[in-house]
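A.B. asks: Here it is: the structure, laid out below.
2 protein chains.
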Amino acid sequence: MGPSASAPASGVRQAYHHGDLRNALIDAALAMLEVEGADHLSLRAVASSVGVSHAAPAHHFGSLRGLRTALATVGFTRFAATMRAARAKAPDEPIAQLRAARDGYLSFATGSPALFRLMFTSPELDWNDAALCAAAGGARQELSDYSAAAARHLGLTDPHAIMRLEHLIWAEAHGEAHLVIDGRIPPSSALPEIDKASPLAVVDLAALIYAVPARTEGDGA
Amino acid sequence: MGPSASAPASGVRQAYHHGDLRNALIDAALAMLEVEGADHLSLRAVASSVGVSHAAPAHHFGSLRGLRTALATVGFTRFAATMRAARAKAPDEPIAQLRAARDGYLSFATGSPALFRLMFTSPELDWNDAALCAAAGGARQELSDYSAAAARHLGLTDPHAIMRLEHLIWAEAHGEAHLVIDGRIPPSSALPEIDKASPLAVVDLAALIYAVPARTEGDGA
DNA sequence: CCTGCTATCTTGGCGTTGTCAAGATAACCG
DNA sequence: CGGTTATCTTGACAACGCCAAGATAGCAGG
Numbered sequence: 015m016g017p018s019a020s021a022p023a024s025g026v027r028q029a030y031h032h033g034d035l036r037n038a039l040i041d042a043a044l045a046m047l048e049v050e051g052a053d054h055l056s057l058r059a060v061a062s063s064v065g066v067s068h069a070a071p072a073h074h075f076g077s078l079r080g081l082r083t084a085l086a087t088v089g090f091t092r093f094a095a096t097m098r099a100a101r102a103k104a105p106d107e108p109i110a111q112l113r114a115a116r117d118g119y120l121s122f123a124t125g126s127p128a129l130f131r132l133m134f135t136s137p138e139l140d141w142n143d144a145a146l147c148a149a150a151g152g153a154r155q156e157l158s159d160y161s162a163a164a165a166r167h168l169g170l171t172d173p174h175a176i177m178r179l180e181h182l183i184w185a186e187a188h189g190e191a192h193l194v195i196d197g198r199i200p201p202s203s204a205l206p207e208i209d210k211a212s213p214l215a216v217v218d219l220a221a222l223i224y225a226v227p228a229r230t231e232g233d234g235a
Numbered sequence: 015m016g017p018s019a020s021a022p023a024s025g026v027r028q029a030y031h032h033g034d035l036r037n038a039l040i041d042a043a044l045a046m047l048e049v050e051g052a053d054h055l056s057l058r059a060v061a062s063s064v065g066v067s068h069a070a071p072a073h074h075f076g077s078l079r080g081l082r083t084a085l086a087t088v089g090f091t092r093f094a095a096t097m098r099a100a101r102a103k104a105p106d107e108p109i110a111q112l113r114a115a116r117d118g119y120l121s122f123a124t125g126s127p128a129l130f131r132l133m134f135t136s137p138e139l140d141w142n143d144a145a146l147c148a149a150a151g152g153a154r155q156e157l158s159d160y161s162a163a164a165a166r167h168l169g170l171t172d173p174h175a176i177m178r179l180e181h182l183i184w185a186e187a188h189g190e191a192h193l194v195i196d197g198r199i200p201p202s203s204a205l206p207e208i209d210k211a212s213p214l215a216v217v218d219l220a221a222l223i224y225a226v227p228a229r230t231e232g233d234g235a
């Protein structure tokens, strides 16, 4: 009864027509990516890991670049899902949603650092691929949603200002994600609430960086 | 004539003993890195670009990883120099210094995107290399200097809080750098002063992200 | 001047990789 | 049942990282 089923019964592989080789290759590649590192990811190694011939992956992905693009596509999908899941567990209030999504952003990066880097290293990907653009667009939309909600909650109406705020939110999360997975700063969870000791400084910092005139009420302190 | 000089007179290369082959290889590799992309950087291509045999680079760098490490080392040195130069042209005041250094951070990243990515992609580098650690430590010191000065200017004294502030500054610049060179957001120079329209929102955002209690004075408005 | 000595660079080769071309096999459809 | 297509295999080629051996150049000491 083997030939009628579209997927192999268990882990057994029949000769020719794997059934779901493309996904099997992607899963193997994702595992290999985090274990072996991004530059040890090879079509041949992935193929032999699944148990097919060395040229089998090329049929599904075209090239190594195609495989990377496919990996980034599932990466962006999982990325958006992680942020959505984090938001779902948080109170339905703009600021809580914003902070939950940021936690999701960071936990995805720390959980799949190699994939995260691959997704955001544009020259290695094929951005003409429709699936990749769709997946990345979905994640981008997720990001726009909660940052725009936070912006509106803060009273912003100018679209340009809202976009600038979105960039600020994105840049902070993205930078912290990169620095954490590169081991340059410890995960933010290790530095919980120390900023409470000096709210003024942190609050004013954003103003200083972004060319916003500082509050005049307590100028010199 | 020829044999006594330690460096080739002009562009001419004599057989054997290039004179300054290590630096020549680094320069060629830096050029190739930005033009061809990081994954097309090869010892053999760099060698033939300089005009030496395919195994010559191995003698100076040991391996491709060693070449990458050497490139990252000069990268970090130039990186720190770029921030220092930007600061030197700014007024000698903590906040102006902070913003100038941030501009230097971003201009280095946009000027050498491939090198910037290489420098901050840890798994591809040998962090046991003393020169790399020294160069990266210098850049890190530069960053600590101006952010600590800004922190003190804002009245911060707790070392833990100062460090947290440094991470915030670093993450924002680093994230924006990555997003810009990946083409995901336009360079910040294209979005100059629009935040002035709504200073409160941007100012309060940092408080919201970083678990700092928002100001109670003007809560709703 | 001549003789080791060492660093530097070359030559040759091995195993692995991405990619292409051609063939074999299985599924599907009329 | 026969033809068509998608899927996978086999074989080959060039380029790559890396290693071992050899060749050359500069240098020091007699």
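If you read the protein sequences in the order shown, they are chains A and B.
One point on numbering: in the numbering used here, the residue at position 195 of the first sequence is 209, and numbering is uninterrupted.
One point on numbering: in the numbering used here, the residue at position 80 of the second sequence is 94, and numbering is uninterrupted.
Here a beta-carbon is modelled for each residue, glycine too, at the ideal position from N, C-alpha and C.
Contact criterion: CB-CB distance below 8 Å. Does A/Asp143 meet it with respect to chain B?
C.D. replies: At a cut-off of 8 Å between C-beta atoms, A/Asp143 does not count as an interface residue with respect to chain B.
A.B. asks: Verify the CB distance criterion: does B/Arg101 have a CB-CB separation below 8 Å to chain A?
C.D. replies: no
A.B. asks: Taking C-beta pairs closer than 7 Å, name the residues in chain B that A/Gly51 reaches, listed in chain order.
C.D. replies: In chain order, Pro137 make up the part of chain B whose C-beta sits under 7 Å from the C-beta of A/Gly51.
A.B. asks: With DSSP collapsed to three states, give me the class of A/Ile195.
C.D. replies: helix
A.B. asks: Rounded C-beta distance between B/Glu190 and A/Ala185? I'm assuming under 8 Å.
C.D. replies: Distance from B/Glu190 to A/Ala185 at the Cβ level is roughly 4 Å; contact confirmed, criterion being Cβ atoms closer than 8 Å.
A.B. asks: Are A/Ala187 and A/Arg116 close, meaning C-beta to C-beta below 8 Å?
C.D. replies: The Cβ atoms of A/Ala187 and A/Arg116 sit closer than 8 Å to each other.
A.B. asks: Any C-beta of chain A within less than 8 Å: which residues of the region 109-137 of chain B qualify?
C.D. replies: Ile109, Leu112, Arg113, Arg116, Ala128, Arg131, Phe134, Thr135, Ser136 and Pro137
A.B. asks: Does the pairing of the region 105-112 of chain B with the region 70-79 of chain B give three or more beta-carbon distances under 8 Å?
C.D. replies: no
A.B. asks: Which of the three DSSP states is assigned to B/Ser56 in this structure?
C.D. replies: coil
A.B. asks: To the nearest whole angstrom, what separates the beta carbons of B/Leu120 and B/Ser202, a pair I think is in contact under 8 Å?
C.D. replies: 7 Å
A.B. asks: What first and last residue would you give for the alpha helix (DSSP H) that runs through B/Asp143?
C.D. replies: Taken as a continuous stretch (DSSP letters only), B/Asp143 belongs to no alpha helix (DSSP H), as it is neither H nor E.
A.B. asks: How far does the alpha helix (DSSP H) with B/Gly65 in it reach, from first residue to last?
C.D. replies: B/Gly65 -> no alpha helix (DSSP H), and no H or E assigned at all.
A.B. asks: Report the start-end ranges of each alpha helix (DSSP H) in the region 67-107 of chain A that is 4 residues or longer and not cut off at the edges.
C.D. replies: 70-75 and 78-102
A.B. asks: Quick one: list the residues of chain A neighbouring B/Gly189, beta-carbon separation under 8 Å, in chain order.
C.D. replies: Trp184, Ala185, Glu186, Ala187, His188, Gly189, Glu190, Ala191 and His192
A.B. asks: Tell me the rounded alpha-carbon separation between B/Ala95 and A/Ile183.
C.D. replies: 28 Å
A.B. asks: Have a look at B/Glu48, B/Asp34 and B/His31 and flag the residue whose alpha-carbon is nearest the alpha-carbon of B/Arg130.
C.D. replies: Arg is not the amino acid found at residue 130 of chain B; the sequence shown has Phe there. That would be B/Glu48, whose Cα lies nearest to the Cα of B/Phe130.
A.B. asks: Compare the beta carbon distance of A/Glu180 and A/Ser158 with 8 Å and say whether it is the shorter of the two.
C.D. replies: yes
A.B. asks: With a CB to CB cut of under 7 Å and the five nearest residues on each side skipped, what residues in its chain are close to A/Ala162?
C.D. replies: Ile176 and Glu180
A.B. asks: For A/Asp117, which of helix, strand or coil comes out of DSSP?
C.D. replies: Residue state, collapsed to three classes: helix.
A.B. asks: Using a Cβ cut-off of 8 Å (strictly closer), state whether A/Gly197 contacts chain B.
C.D. replies: Closer than 8 Å: yes.
A.B. asks: Please say whether B/Ala123 and B/Val194 have beta carbons closer to each other than 8 Å?
C.D. replies: yes
A.B. asks: From which residue to which residue does the alpha helix (DSSP H) around B/Pro137 run?
C.D. replies: Where B/Pro137 is concerned, there is no enclosing alpha helix (DSSP H), because DSSP gives it neither an H nor an E.
A.B. asks: DSSP three-state call for A/Gly169: helix, strand or coil?
C.D. replies: coil
A.B. asks: Where do the N-terminal and C-terminal ends of the alpha helix (DSSP H) with B/Asp41 fall, by residue?
C.D. replies: Leu35 to Glu50
A.B. asks: Does any heavy atom of the ligand COA sit closer than 7 Å to the C-beta of A/Ala115?
C.D. replies: What this structure holds is no ligand at all, so the ligand COA is not there to describe.
A.B. asks: DSSP three-state call for A/His174: helix, strand or coil?
C.D. replies: helix
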